[in-house]
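Trainee: Below is a structure I'd like to ask you about.
What follows is the structure, given as structure tokens:
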């Protein structure tokens, strides 16, 4: 389950799926981190965050897919704002 599911009170999956999900997340985040630092990467991240924010209320699973690629601080900030956390 992604971060959105955790914050919205979703069900927990079986441990085997959590392990494979962690592996998938690691690969996705490594792929994003491997992008060259610069204006294009910053713009891509801003667009992904904006789209994820649009999707949170209508399709949280789709938002979660986008957020899986992004740095934790950015994901946490967006989700905290959306769910009214501190």
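Numbering (my numbering), first residue to last: 10 to 95. Glycine included, every Cβ here is placed at the ideal spot set by N, Cα and C. Just so it is clear, the structure is predicted and the values come from calculations on it, not from any experiment.
Have a look at residue 51 and residue 58 and give me their C-alpha separation to the nearest angstrom.
Mentor: By one-based count along the chain shown, residue 51 stands at place 42. By one-based count along the chain shown, residue 58 stands at place 49. About 11 Å.
Trainee: In chain order, which alpha helix (DSSP H) runs of at least 4 residues are fully inside the segment 57-83?
Mentor: For the segment 57-83, whole alpha helix (DSSP H) runs of length 4 or above, ordered along the chain, are 69-76.
Trainee: Using a Cβ-Cβ cut-off of 8 Å (strictly less than) and excluding sequence neighbours within five positions of residue 53, which residues of its own chain qualify?
Mentor: As a first step, residue 53 must be located in the chain shown, where it is residue number 44. 44, listed in sequence order.
Trainee: In whole angstroms, give me the CA-to-CA distance for residue 40 and residue 78.
Mentor: On the chain shown, residue 40 is found 31 positions in, with the first residue counted as 1. On the chain shown, residue 78 is found 69 positions in, with the first residue counted as 1. Rounded to whole angstroms, residue 40 to residue 78 spans 8 Å at the Cα level.
Trainee: Looking at C-alpha atoms only, which residue of 92, 60 and 80 is the closest neighbour of residue 71?
Mentor: Taking the chain shown and counting its residues from 1, one reaches residue 71 at position 62. With distances taken between Cα atoms, residue 71 lies closest to 60.
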